[in-house]
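In what follows, a single structure is set out as structure tokens and then discussed.
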Amino acid sequence: MPKQQYFEAILIGKSILLREGLATILHSPRFRIVASVPWADDLLLSHLQLERPLFLIAHTGDDFETAVEQIEVIRNRDPNGRIAMVTDRYRRVELVSALRAGANGYFVDVMTCDVFVKSIELVMMGETIYPPAFLSFVLDTDTSTLDES
108 MPKQQYFEAI LIGKSILLRE GLATILHSPR FRIVASVPWA DDLLLSHLQL ERPLFLIAHT
168 GDDFETAVEQ IEVIRNRDPN GRIAMVTDRY RRVELVSALR AGANGYFVDV MTCDVFVKSI
228 ELVMMGETIY PPAFLSFVLD TDTSTLDES
């Protein structure tokens, strides 16, 4: 019988409640949570030696620059890791910042759990997943809309 493939995930975020919620949503044979920490700097070296982990950054609040810094720390330490952000709002400037920093996915907490899990699986298979409305923004030639919420 072939060995079942699973994805190793590391949860990062200040809110333990949010991290525990994400762990519950991802509790399945397809995912294995190997760490849950408040900051990327708290990760042990052993966690960064995984083959291709998923770093799932949970962000809430107004300090998006800190979230972008977390993406950059992870990307510098593990260029092969997959990074996705789960946030409580949709702001175009934040989407652009996350993409430029190296995030492979950006999810707003209004999606269903099933859609979220399937989207994370796609990220782990190499896809880049951002909200559909982001595409219309990217195709918009009027760059003055960048700061709109």
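If you read the sequence shown in the numbering used here, its first letter stands for residue 108, the second for the next number, and so on. Ideal Cβ placement from N, Cα and C applies to all residues, glycine included.
Quickly, what does DSSP pair residue i with across the bridge? List them, please.
i: Ala-142; result: Ile-117
i: Ala-165; result: Val-193
In three-state terms, what does DSSP make of residue i?
i: Thr-131; result: helix
i: Arg-196; result: coil
i: Arg-189; result: strand
i: Leu-150; result: coil
i: Arg-126; result: helix
i: Pro-239; result: helix
How would you write the range of the alpha helix (DSSP H) that residue i sits in, first residue to last?
i: Thr-173; result: 171-184
Excluding the 5 residues flanking residue i on each side, which residues of the same chain have their C-beta closer than 8 Å to its C-beta?
i: Ser-122; result: Ala-165, Thr-167
i: Phe-241; result: Arg-199, Leu-202, Tyr-213
i: Asn-211; result: Arg-189, Ile-190, Ala-191, Val-230, Glu-234, Thr-235, Ile-236
Go through its chain and collect everything with a Cβ distance to residue i's Cβ below 6 Å, but skip five positions before and after it.
i: Phe-201; result: Note on identity: in this sequence residue 201 is Glu, with Phe being the wrong assignment. Excluding sequence neighbours, Glu-201 sits near Phe-171.
i: Pro-160; result: Glu-115, Ile-117, Gly-188
i: Tyr-213; result: Met-192, Leu-202, Ala-205, Tyr-237
i: Cys-220; result: Ile-132
i: Ala-208; result: Val-175, Ile-178, Glu-179
Starting from residue i and walking both ways along the beta strand (DSSP E), at which residues does that stretch end?
i: Leu-157; result: That residue, Leu-157, is in no beta strand (DSSP E); it is neither H nor E in DSSP.
Could you name the residues of the same chain whose beta carbon sits closer than 7 Å to that of residue i, not counting the 5 residues immediately before and after it, in chain order?
i: Leu-150; result: Ile-117, Ala-142, Val-144
i: Ala-147; result: Ile-119, Gln-177, Val-180, Ile-181
i: Arg-126; result: Leu-118, Gly-120, Ser-143, Ala-165
*Can you give, in chain order, each stretch of the alpha helix (DSSP H) that sits fully within the region 207-235 and has at least 4 residues?*
220-231
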